[in-house]
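What follows is a single structure, written as structure tokens, with notes after it.
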Amino acid sequence: MYTLSADFGTSSVKIAIIDEEVRLIKTAKRDYKLKITDKNKLEIDMVELEKAFFDTLRDVKEYLPLVEAVCFDAFAPSFVMMDEEGRALYPIVTHLDRRSRAYTKRIIEEFGKDNFLNITGTLPYAGGVTLTTLLWFRDHRSKLFSKVRRIGHLTTYLYKKLTGQWAIDQVNASITGMYETITGTGWSKEICNAFNIPMELLPPIKEANSTYHGLLPETAQNMGLKSDIPVLLGTQDVASALIGAEVNTSGQALFISGSSEIISVLTNTPITNDKYYLRASGTKGLWQVFSITTGGFALEWFRREFYKDMSKEEFFQEHLSDLLMNRCETGGVKFLPYLTGDRQSLRKKKGTFNGLTLDTGRDNMLCALIEGIQLQSKTTIDRCKKIIPMNKTIKATGNLVENNKAYLGIKKKMFDSFEIEVIDNCPLKGNALMVKDLLSKIK
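Quick note on the working numbering: the sequence shown kicks off at 3 and runs consecutively.
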């Protein structure tokens, strides 16, 4: 039996055909563009994303008739506004979007910082919760918003398209800023009433690992799959990665090093802090202590601007590895990793290099950048150690640690009090594990 697993990231979609032993039989990947319409608006065109997904299916077409289940995950927030049929009315508004920054202050002033934090587990940071984006569109694009019948993240859109059903899982719900994250009791009527958000806009909240519906016949035909095979309700990419890495007890943690640099630490005690996000985890009785900063996007920006004499392949496959393994010196340069702001701060921060001199070279700055993008994770772990008995092994996944031993070496150096264990393709494997568990219960 094969599962079709799909992982929708900020810059690409990767799919895999996975067998019953959770072995990846064949994979495919396609990129899509992150569109910057101005300095604060970062979106993904839904048509382009869907085309990328269908292109990957062609690469594994010989396995599609043998697929018995479908599961997927996606980055979040990934705000999607939909009509009554589930059609997207606007591109996906990504977690890198900052157009709604002014609403952070407004929500805190009108609702109260501690009140919001103690309900949702986080503060209403732009790019960190869906609520600010929703309010921006309601106020600034009222004609468009009047057509909206449901809002959700990308997983809600995909599930509706594949099965015809509305749903959102607890993890994605906890990222909206409208969910009772601490108690896990559903949408917050207090928050929705305070900001005049009709509850009927919000999809039903379901369990990600036990909610499924059959694949619609027309969609199945377009995908090359059998109709009515179970489609599992998708969850957030980090939640799937936690399952795939078998991070499932309080004190365990996972690094995800891809377009963003992420740390997720599991806890059985929902202790809030305005310096990190407290989110649902997908495992009952556990929450995520979560923080994020720019990762691979920062590296790609630096390569594009400072290494124009090198091809992308030469930079990543040769120069970066050689530099980090043999001669990584910052020369006293420090990098503050806020190229897309700080999603854990109310202040408007920007990326900064400090300590530059006439002796500073681009390699010094590159080494400083790589060390700098670890700082958010390091700070979060230091906070967690004060409240959570932490496991001495941290799992790690993502392109930067899976495919670059030198980058992994820097991470091991900076987190030398922990063992770091790399596990490849955790989100894809996590999806397949959820399918395996579901099928064992329904057969």
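Just so you know, even glycine gets a beta-carbon here, dropped at the ideal spot from N, CA and C.
Residue i vs residue j beta-carbon contact at 8 Å
i, j, result
"V72", "I245", "no"
"Y127", "R364", "no"
"L234", "V62", "no"
"Y279", "T124", "yes"
"T399", "A247", "yes"
"T12", "S242", "no"
"I444", "Y409", "no"
"V131", "T178", "yes"
"T122", "T185", "no"
"T165", "L217", "yes"
"G353", "L341", "yes"
"V24", "K431", "yes"
"E331", "N366", "yes"
"K394", "F420", "yes"
"Y161", "G236", "yes"
"I170", "I193", "no"
"I273", "I389", "yes"
"K277", "R385", "yes"
"Y105", "L59", "no"
"F10", "D75", "yes"
"L441", "S212", "no"
"G88", "K163", "yes"
Contacts around residue i, its chain only, beta-carbon distance under 6 Å, and the 5 residues preceding and following it disregarded
i, result
"A255", "V267 and I396"
"D40", "none"
"Q238", "A78, V173 and N174"
"G374", "F337 and P339"
"F139", "F147"
"M327", "A408"
"L68", "Y4"
"F292", "S266, Y279 and R281"
"A434", "T5, S7, I20 and V24"
"C428", "A243, G246, A247 and T399"
"T135", "F81, V95 and S102"
"R329", "none"
Assigned secondary structure, residue i (DSSP; H/G/I helix, E/B strand, else coil)
i, result
"G284", "coil"
"C73", "strand"
"G363", "coil"
"L36", "coil"
"E45", "strand"
"Y4", "strand"
"P67", "helix"
"Q254", "coil"
"M312", "coil"
"L91", "coil"
"K228", "coil"
"K277", "coil"
"A241", "helix"
"L440", "helix"
"I19", "strand"
"T96", "strand"
"F81", "strand"
"D426", "coil"
"E52", "helix"
"D418", "coil"
"E404", "helix"
"E86", "coil"
"T2", "In the structure as shown, the chain starts at 3 and stops at 445, and residue 2 therefore has no counterpart that could be examined."
"L322", "helix"
"L26", "strand"
"L59", "helix"
Close-in-space but distant-in-sequence residues of the same chain around residue i (CB under 7 Å, 5 per side omitted)
i, result
"G297", "S259, G260, S261, S262, E263, I375 and L402"
"F304", "L368 and L371"
"P391", "G253"
"Y181", "T122, A175, W189 and S190"
Beta-carbon contacts of residue i that lie in its chain and below 8 Å, excluding the five residues immediately before and after
i, result
"K351", "L338, Y340, G343 and D344"
"K28", "A18, I19, D61, V62 and Y65"
"A222", "K228, S229, D230 and I231"
"S14", "K31, R32, D33, Y34 and A54"
Neighbour flag for residue i against chain D, beta carbons, 8 Å
i, result
"I444", "No chain D is present in this structure, which holds just one protein chain."
May I have a chain-ordered list of the beta strand (DSSP E) segments no shorter than 3 residues that lie completely inside the region 110 to 165? 152 to 154
The region 269 to 281 contacting the region 11 to 28, beta-carbon criterion three pairs below 8 Å: no
Contained beta strand (DSSP E) runs [length at least 3] in the region 160 to 226, N- to C-terminal order: 214 to 216
Meets three-Cβ-pair contact criterion under 8 Å: the region 190 to 206 and the region 146 to 158: yes
Say whether the region 281 to 293 touches the region 314 to 330, bearing in mind that this needs 3 or more beta-carbon pairs closer than 8 Å, one atom from each stretch. no
Contact between the region 41 to 51 and the region 91 to 107: three or more CB pairs below 8 Å? yes
Only counting runs of 4 or more residues, tell me where the alpha helix (DSSP H) segments fall wholly within the region 324 to 402, in order along the chain. 364 to 374 and 377 to 387
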